[in-house]
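The next block holds one structure in the form of structure tokens; read it before the comments.
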Amino acid sequence: MLKIRNLDAGYGKLRVLKNISLHVKPGEIVAMIGANGASKTTLLHTVIGLIRPMRGEVRFLGQATGSTAVERIVASGCALVPEGRQVFAPMSVEENLLLGGFILQKEQGRAEVLKELERQYELFPILRERRQQLAGTLSGGEQQMLAMGRALMSRPKLVMMDEPSTGLAPLIVRDIFQIICRLRGQGNTVLLIEQNAKAALGIADRGYVLEVGKVILQGPAADLLANADVQRAYLGREKIA
Amino acid sequence: MSLDLFFQYLFAGLTYGAIYAIVAIGFNIIYNTTGIINFAQGEFVMLGGMISISLMEFIPLGYAIAAAVLVTMGIGAVIEILFIRWLESPSVLRMIIITIGISILLRESALHIWGESIRSLPYFYGNEITTFNLGSVHISPQVVWVIAACAVMMAGLSLFFKSTPIGREMRACAANRTAALLCGINTRNMVTLSFMLSAGIGALAGCVMSPITYTQYDSGASLAIKGFTVAILGGLGNSLAAVAAGVLLGIIEAFSVTVVPLAFQDAIAIAILLLILFVKPHGIFGSSEAARLKDF
């Protein structure tokens, strides 16, 4: 579904991603873990087209996306739930969701958008209760659900999530990850980027470990969870042999 | 001051205030989608007046105004496509200087086409001396036209932004441009649209005010300053506050003639602008917190 080969990308002259290769297959959850400044967000921004690759290529559904406009990449079925939620704060919850359905409306008409809206309200019942409230007045967890719902409104083939657990209480983080699990159950494909390595690898099929712009480890999520280096660096557990 | 005179000034203030508010809303629409101040906004008003006056020779008044609005919207779109659209993440300062350049370009073109002569549309109803009386206050029907046209435009705009999908998408761009992109919205088209919309309402204001204020190739510049003052006074980007601020400035100006000579009227707007920029740069209705998030 998503294939990245030998990708370099960055800002201006600064190269922050170095020789990244990874792939995501349909129907799986892939977790990308790494500390602050490991360039995880840069990677997602390159996939969605906000940043252009300097070298190497990104292929989504077999198409190279190196010079495709963001809105085209989104229209082809790739959705990003951005870091820090980025909801439309002065607009109502329902308006936020309808805006997420922009692509769907263009391609399949209003009836499908309303059907999809109903599905999001079933997935996130709290959003139905708050539908007329301004998005900026929601709590952090509710905003995260709104951002996820908004991205799902386009019926994406691949959902990328950038740090969905940032700044949320542990109980809410659990809810969010349960919802991500449920998304896979419905046939979605998820690329999840997280600092919370334990939670992310706990629900993922496969994982990649990113450190200062390079992939240093990859493999099945269970193997990574058991890996001594990962445990020491990201799970705060030192095994004394 | 007699009560009659008081109301006479009040209506004059309301008329000018409505016009300033429309110019300020034009500023706000573009500011909200791009983060820049379009200093060519006053020129759109001038173009609306000039084009409709020229078209009056060939077609009736109503059609001339409609055509002038459409032509000015076209000019707005062309300007955005030629000068703004292709810029790759330009700085705010650069874009502002570009709009100042555009305003000079438009003004000089107008001078070339229409010359220095002062023109005006005929009164829509009656003539210069037609008045109707409200109690003992004499009001020109054109004043009613101006206030009504501005009120209809404001109502139309707020309906457009609140309840049409395109209006919603434009507000989304204003609220968070990256997120709008991630929804698949073509934000560049929204910027073009905001230039067209600003040009259109500016041109319509230029038509209805032309019989009272007259139109000249350089009449846009002073309007831009007044409109900018009002936009800042209300708090940039806040169109409802712009209406209140516009009426406030119009009334202050109208009543100022009782204190200072008429020639100083423009100085008052500029004095208010400076005062606001020094004391409360986020506007009387804006919050300082929101202002800190803005680019300037």
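Chains as they are written, first to last, in my numbering: chain A, 4 to 244; chain B, 1339 to 1634.
The beta-carbon is built from N, C-alpha and C at its ideal position, and this holds for glycine as well.
Residue A:Ile183 holds the alpha-carbon nearest to the alpha-carbon of phenylalanine 127 of chain A among A:Ile183, A:Cys81, A:Ala200, A:Met94.
A straight-line Cα-Cα distance of about 55 angstroms links valine 1383 of chain B and isoleucine 36 of chain A. With respect to the C-alpha of leucine 1385 of chain B, the residue from B:Thr1410, B:Ala1493, B:Leu1431 having the closest C-alpha is B:Thr1410.
The Cβ of valine 50 of chain A sits no closer than 7 angstroms to any Cβ of chain B. Here the alpha carbon of glycine 1351 of chain B sits roughly 29 angstroms from the alpha carbon of isoleucine 1442 of chain B. Not a single CB atom of chain B sits nearer than 7 angstroms to the CB of glutamate 121 of chain A.
Taking the C-beta atoms as reference points, threonine 45 of chain A is found no nearer than 7 angstroms to leucine 83 of chain A. Cβ neighbours of glycine 80 of chain A within its own chain (closer than 6 angstroms, five residues either side excluded): Pro159, Lys160. Boundaries of the alpha helix (DSSP H) around arginine 1445 of chain B: 1430 to 1452.
Here phenylalanine 1421 of chain B carries a helix assignment [DSSP, helix/strand/coil]. In the structure shown, the three-state DSSP call for tyrosine 1369 of chain B is helix. Straight-line spacing of the CA atoms in alanine 1601 of chain B and isoleucine 1539 of chain B works out to 29 angstroms. In summary, the residues of the region 1521 to 1538 of chain B whose CB is separated from some CB of chain A by less than 7 angstroms are Cys1521, Gly1522, Ile1523, Asn1524, in the order they occur in the chain.
When the beta-carbon positions are compared, glutamine 221 of chain A and tyrosine 211 of chain A come within less than 7 angstroms of each other. Taking alanine 72 of chain A as the centre and dropping the five residues before and after it, the same chain places the C-beta of Gly52 closer than 8 angstroms to its C-beta, in chain order.
In the DSSP assignment, lysine 21 of chain A falls within the unbroken beta strand (DSSP E) covering 17 to 27. Within the model, the alpha-carbon separation for lysine 118 of chain A versus arginine 1526 of chain B is close to 29 angstroms. Annotation: isoleucine 32 of chain A is outside any alpha helix (DSSP H); the continuous beta strand (DSSP E) that includes it extends over 32 to 36.
Assignment of beta strand (DSSP E) within the region 129 to 185 of chain A, counting only whole runs of 3 or more residues, yields 161 to 165 in chain order.
In the three-state scheme derived from DSSP, where H, G and I count as helix and E and B as strand, aspartate 232 of chain A is classed as helix. The beta-carbon distance between isoleucine 1440 of chain B and phenylalanine 1421 of chain B, rounded to whole angstroms, is 6 angstroms. This is short enough to meet the 8 angstroms contact definition. Taking a cut-off of 8 angstroms for Cβ pairs, the region 1544 to 1564 of chain B and the region 100 to 110 of chain A do not touch, as fewer than three such pairs fall below it.
Around serine 157 of chain A, the beta-carbon contacts reaching into chain B at under 9 angstroms are Cys1521, Gly1522.
In the displayed model, methionine 57 of chain A falls within a strand according to three-state DSSP. Look at glutamate 98 of chain A: its C-beta is under 7 angstroms from a C-beta on chain B. Residue-level contact by beta carbon holds for glutamate 74 of chain A and chain B, with a gap shorter than 7 angstroms. Look at the beta carbons and you see the region 1561 to 1569 of chain B touching the region 1579 to 1588 of chain B: at least three pairs across the two are nearer than 8 angstroms.
Using a C-beta cut-off of 8 angstroms, the region 1355 to 1364 of chain B makes contact with the region 1572 to 1581 of chain B, since at least three inter-stretch Cβ pairs fall below that distance. One thing to note: proline 85 of chain A has its Cβ no nearer than 7 angstroms to the Cβ of aspartate 208 of chain A.
Within the region 90 to 115 of chain A, complete alpha helix (DSSP H) segments of at least 4 residues are found at 96 to 103, 105 to 111, given in chain order.
The Cβ of glutamine 66 of chain A sits no closer than 7 angstroms to any Cβ of chain B.
With fewer than 16 other Cβ atoms inside 10 Å of its own Cβ, methionine 1339 of chain B counts as exposed. Residues of chain A whose Cβ lies closer than 9 angstroms to the Cβ of asparagine 1366 of chain B do not exist; the shortest such Cβ separation is about 14 angstroms. Along the region 74 to 90 of chain A, going in chain order, the ones with a CB nearer than 8 angstroms to a CB of chain B are Glu74, Val77, Ala78, Ala82, Leu83, Pro85, Gln89, Val90. Within 10 angstroms of the beta-carbon of arginine 133 of chain A lie 16 or more other beta-carbons, which makes it buried. Rounded to the nearest angstrom, the gap between the Cα atoms of glycine 139 of chain A and glutamine 147 of chain A is 11 angstroms.
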